[in-house]
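As numbered in my numbering, residues 417 to 589 make up the sequence shown, in order.
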Amino acid sequence: MLSKFVKGKVYVFIDGANIFYTQRTLGWRISYEKLRQYFRNECGDNLGKIFVYTASDSERPQQKKFLDMLEINGYILRTKEVKRIRVTKGVYEWKGDFDVELSMDVLDNLKEFDTAVLLSGDSDFAPIIERIKKNNKKIIVMSAKHHISRELIQLADKYINLKKLRDKIELLK
């Protein structure tokens, strides 16, 4: 499916927090091993870097296994410790946004790719998508229905609903 829409060198940018919640919407989990293989199969030798942006929590040792698995599978990790923000007495919110870091990596690598694939539905990425297109690059957005902004769908050269890739990327237990 993806191969029909990409041209030249392909870089992938994965908004880990957004995809975490997208999986809840989908009702199934993504296998990052299968996801990488999907990109290899679709892009072949044109597959460049695959970045994953995710907050880490040193109080969750099982997350280290996940991060190690990503690195073993060739993902380029961008992590920082999750922030615990007090909302009210005894109520905390967890924050680990990477919008700026992801956008900076896109800009830093703009001359290296011809097609960017963004796994996120966050409308905060609209300006970076506009910048990608302004530089005559293709942009493909992958997310799920009810978890992607209309603005991103309209801006992208192609939107791919992750639900359609379930048989290729689902984590089986």
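All residues carry an ideal CB built from backbone N, CA and C; glycine is no exception.
Query, Result
"Residue 555 to residue 439, Cα distance in whole Å?", "22 Å"
"Could you say which of 419, 423, 429, 424 lies nearest to residue 514 if we only look at CA atoms?", "429"
"Within the same chain, show all residues whose beta-carbon is closer than 8 Å to that of residue 553, passing over the 5 residues directly before and after it, in chain order.", "526, 529, 530, 531, 532"
"Mind checking whether residue 561 and residue 579 have CB atoms under 8 Å apart?", "yes"
"Report the option in 497, 443, 509 whose CA atom is closest to the CA atom of residue 471.", "497"
"Assuming residue 422 is part of the alpha helix (DSSP H), what are its boundary residues?", "Per DSSP, residue 422 belongs to no alpha helix (DSSP H) and is neither H nor E."
"Please identify the residue among 537, 500, 573, 462 whose C-alpha is closest to the C-alpha of residue 441.", "537"
"Going by DSSP, name the residue or residues bridged to residue 489.", "Paired residue(s): none; residue 489 is not in a bridge."
"What do you get for residue 457, buried or exposed, if any count of 16 or more other CB atoms within 10 angstroms of its CB means buried?", "exposed"
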